[in-house]
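Reviewing the structure listed below.
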DNA sequence: ACCAATAATGAAAACATTTGCAAAACTATT
DNA sequence: AATAGTTTTGCAAATGTTTTCATTATTGGT
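Protein chains in written order, with our numbering: chain V, 27 to 364; chain G, 27 to 364.
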């Protein structure tokens with residue numbers, strides 16, 4: 027146990043070459059004779075040597091890590107995004123340093139700093155809303171950075187994502203077009219969450235363009251969970267005056283709303299129209315299948331991964347990002363007002 | 027742009043002290059005079075200096091990262107687990123290096139190696155089934171390691187998790203006790219997935235103890251997704267001879283099964299009993315609410331985090347792991363055979 | 001104002017690598 | 001067999017820190 031781990035010098039000794047040659051055999055194999063290389067490989071295996079990236083990093087060599095900071099992992103949305111981002115990033119030889127800030131932007135700053143200490147090659151953040159400190163830090167260290175999930179032309183950094191405002195409009199227009207006038211909304215808190223905020227703005231503007239407005243007491247704010255949405259909606263529909271449509275800030279909330287309605291024997295979409303945003307795994311196969319706006323997490327994740335890697339390797343910094351358009355998906359939970 | 031990033035020497039110069047003092051002011055602030063410290067802090071801020079962990083790491087100082095390798099992020103189960111694990115780990119000052127292997131154990135080995143190159147302080151893997159290479163590697167480098175999700179007394183490394191075999195038995199017993207004799211099973215592929223394998227074994231043993239067996243064509247294997255389970259189950263119940271109960275390998279599959287049944291107008295639990303395993307977010311509020319076995323991902327994640335950190339800091343290595351028992355949760359999708 | 005403690009700082013070695021340059025070892029050509 | 005060219009290798013410096021030990025500055029007691 028006590029014998030210290032093998033270093034490059036130990037390997038060099040064992041292979042009867044100099045440390046430089048061992049190093050080269052790792053980094054520029056074509057420069058070392060095949061026979062020597064074999065001897066070195068054997069020594070490496072025998073000693074169980076593992077290269078020390080930290081020691082390379084010190085020479086300005088890329089460490090091969092990308093920092094990813096998310097509000098939380100435990101949301102269907104982010105899980106899908108993280109998966110595709112990390113997978114795509116791994117395919118390109120990088121590894122992810124992951125942390126979550128729980129929707130607290132100061133935490134985000136602290137985490138970003140820490141990741142910079144680790145000398146990540148690049149950073150990825152969710153959304154466009156970040157503290158000035160965070161933006162300042164990233165810019166000052168000029169760390170290649172990409173903003174995920176949201177896209178805006180006047181974003182301060184390259185971003186690949188969808189247009190959440192448009193997503194809101196899309197769904198708002200759809201519901202209005204179906205003839206609904208009594209509309210409720212179930213959304214997550216919008217502070218520190220520009221995605222939710224923009225979606226809601228989109229919905230509101232859409233309704234406003236038809237002279238409609240969401241009544242104060244029909245504007246439900248719930249945390250991101252089936253159960254929270256379910257209980258809020260259950261309470262809502264106990265009142266005699268009911269909305270004919272409930273627009274939910276995302277699919278999970280919509281699922282909760284549907285469950286609440288089913289429990290109360292209110293049928294969807296005959297009595298109430300329900301819509302989500304996101305088109306998560308499962309929404310298509312829900313019964314009834316959910317009308318929603320697709321925000322293609324998978325596409326966003328992999329495009330973002332490609333962008334950040336491009337930013338890192340040729341630092342020319344090609345792209346200013348990409349807009350992955352949201353798409354209205356009409357399924358069975360929305361119908362004309364009866 | 028071109029000016030290189032500030033290093034500790036630049037800071038030292040700017041603060042008119044030696045590099046050693048700067049270093050000390052970071053690592054042992056009590057050893058440096060308050061006035062000097064203030065001067066240094068000012069310089070740090072002015073230059074935008076960020077410490078280089080890589081350079082510390084080569085001094086054998088802990089880097090503060092823990093490698094976490096999961097099959098995939100994009101499953102409700104793992105998302106919850108990752109969230110609680112990473113959160114708990116962050117609270118203790120560590121950061122996670124995350125990667126997914128997509129259920130390919132060779133990938134897992136490669137990833138583990140890479141994380142070791144980064145000199146992670148510890149590793150966390152999902153499940154007990156790993157290649158000999160992986161186990162060998164971790165043991166040989168004697169990296170503190172914890173196995174998540176599954177617990178077994180004779181596991182080769184400390185593990186904190188539930189007893190998936192028992193979970194299977196629990197649900198099997200429950201279904202049998204309700205009088206069911208015609209039982210189908212919907213499970214993910216069991217190769218490279220000891221969790222699924224053990225659950226299925228538990229179910230089979232439970233049935234076998236009553237002389238029951240799952241018919242070959244009632245043993246459905248589907249990938250982890252609502253839609254796959256839904257379509258498999260939809261096909262299953264088209265046949266005239268139907269099971270009276272369908273035991274699903276996890277809650278997501280159960281959701282799919284319920285949707286399939288609802289679509290076909292088969293009511294749950296009156297006509298068919300459905301059970302899941304996992305008790306994911308949402309199962310409680312599903313309509314009808316899902317009978318399942320709770321595997322407390324949150325508890326597992328945070329206990330595992332504490333264990334690995336303990337293993338890392340006092341290398342004495344206290345614990346051999348912990349069993350977090352599974353618990354049968356009877357809700358509305360299971361009922362007596364009619 | 002001086003001495004001994006004690007506190008604060010600096011110099012230099014150490015850490016595990018990479019790399020530019022020069023030396024050594026081969027090849028091919030004559 | 002000698003020369004020129006090419007391929008391989010080793011030496012030594014460099015990377016950004018930490019740490020041990022020695023040195024200098026400060027303080028309190030007389």
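Ideal placement from N, C-alpha and C gives every residue a C-beta, glycine not left out.
Cβ shell of residue i (< 7 angstroms), same chain only, five flanking positions each side left out
i: residue 330 of chain V; result: 111, 150, 172, 174, 186
i: residue 196 of chain G; result: 319, 352, 354
i: residue 322 of chain G; result: 350
i: residue 154 of chain G; result: 173, 176, 178, 181, 185, 220
i: residue 70 of chain G; result: 37
i: residue 156 of chain V; result: 131, 134
i: residue 159 of chain G; result: 135
Distance, residue j Cα to residue i Cα
i: residue 233 of chain V; j: residue 194 of chain V; result: 10 angstroms
i: residue 63 of chain G; j: residue 52 of chain G; result: 9 angstroms
i: residue 288 of chain V; j: residue 118 of chain G; result: 43 angstroms
i: residue 216 of chain G; j: residue 223 of chain G; result: 5 angstroms
i: residue 92 of chain V; j: residue 326 of chain G; result: 27 angstroms
i: residue 285 of chain G; j: residue 312 of chain V; result: 6 angstroms
i: residue 59 of chain G; j: residue 90 of chain G; result: 28 angstroms
i: residue 104 of chain G; j: residue 81 of chain V; result: 33 angstroms
i: residue 239 of chain V; j: residue 273 of chain G; result: 47 angstroms
i: residue 317 of chain G; j: residue 31 of chain V; result: 51 angstroms
i: residue 28 of chain V; j: residue 85 of chain V; result: Low confidence applies to residue 28 of chain V: its pLDDT is 46, below 50, so where it sits in the model is not reliable enough to give any reading.
i: residue 137 of chain V; j: residue 94 of chain V; result: 10 angstroms
i: residue 73 of chain G; j: residue 87 of chain G; result: 25 angstroms
i: residue 78 of chain V; j: residue 145 of chain V; result: 15 angstroms
Cutoff 8 angstroms: residue i Cβ touching any chain V Cβ
i: residue 362 of chain G; result: no
i: residue 172 of chain G; result: no
i: residue 77 of chain G; result: yes
i: residue 329 of chain G; result: no
i: residue 88 of chain G; result: no
i: residue 98 of chain G; result: yes
i: residue 35 of chain G; result: no
i: residue 118 of chain G; result: no
i: residue 325 of chain G; result: no
i: residue 27 of chain G; result: Confidence at residue 27 of chain G is low in this model, with a pLDDT of 39, below 50, so its placement is unreliable and the value that follows should be read with caution. So yes, residue 27 of chain G belongs to the interface.
i: residue 39 of chain G; result: no
Burial state of residue i (16 or more Cβ within 10 Å)
i: residue 107 of chain V; result: buried
i: residue 219 of chain G; result: buried
i: residue 258 of chain G; result: buried
i: residue 266 of chain V; result: exposed
i: residue 168 of chain V; result: exposed
i: residue 140 of chain G; result: buried
i: residue 125 of chain G; result: buried
Close Cβ partners of residue i (< 8 angstroms) along its chain, the five nearest in sequence each way excluded
i: residue 128 of chain G; result: 97, 98
i: residue 227 of chain G; result: 191, 194
i: residue 65 of chain G; result: 41, 42, 43
i: residue 101 of chain G; result: 250, 278
i: residue 200 of chain G; result: 301, 317, 354, 356, 360
Terminal residues of the alpha helix (DSSP H) in which residue i lies
i: residue 111 of chain V; result: 102–117
i: residue 207 of chain G; result: Run containing residue 207 of chain G: none; DSSP gives neither H nor E here.
i: residue 190 of chain V; result: 190–203
Residue i: first and last residue of the uninterrupted beta strand (DSSP E) it sits in
i: residue 299 of chain G; result: 299–301
i: residue 358 of chain G; result: Careful: residue 358 of chain G lies outside any beta strand (DSSP E) and carries neither H nor E.
i: residue 43 of chain V; result: From DSSP, residue 43 of chain V is part of no beta strand (DSSP E); its letter is neither H nor E.
i: residue 150 of chain V; result: 148–152
i: residue 78 of chain V; result: Segment: none, residue 78 of chain V is in no beta strand (DSSP E) and carries neither H nor E.
i: residue 126 of chain V; result: 121–126
i: residue 296 of chain G; result: Unbroken run through residue 296 of chain G: none, as it is neither H nor E.
i: residue 348 of chain G; result: 347–349
i: residue 247 of chain V; result: 245–247
Within-8 angstroms CB hit, residue i to chain G
i: residue 263 of chain V; result: no
i: residue 244 of chain V; result: no
i: residue 297 of chain V; result: no
i: residue 225 of chain V; result: no
i: residue 175 of chain V; result: no
Contact set for residue i: own chain, Cβ-Cβ below 6 angstroms, skip 5 residues either direction
i: residue 34 of chain V; result: 45, 48
i: residue 214 of chain V; result: 222, 250, 275
i: residue 366 of chain V; result: No information on residue 366 of chain V is available, as it lies outside the stretch 27 to 364 that chain V covers here.
i: residue 208 of chain V; result: 269, 270
i: residue 50 of chain V; result: 57, 58
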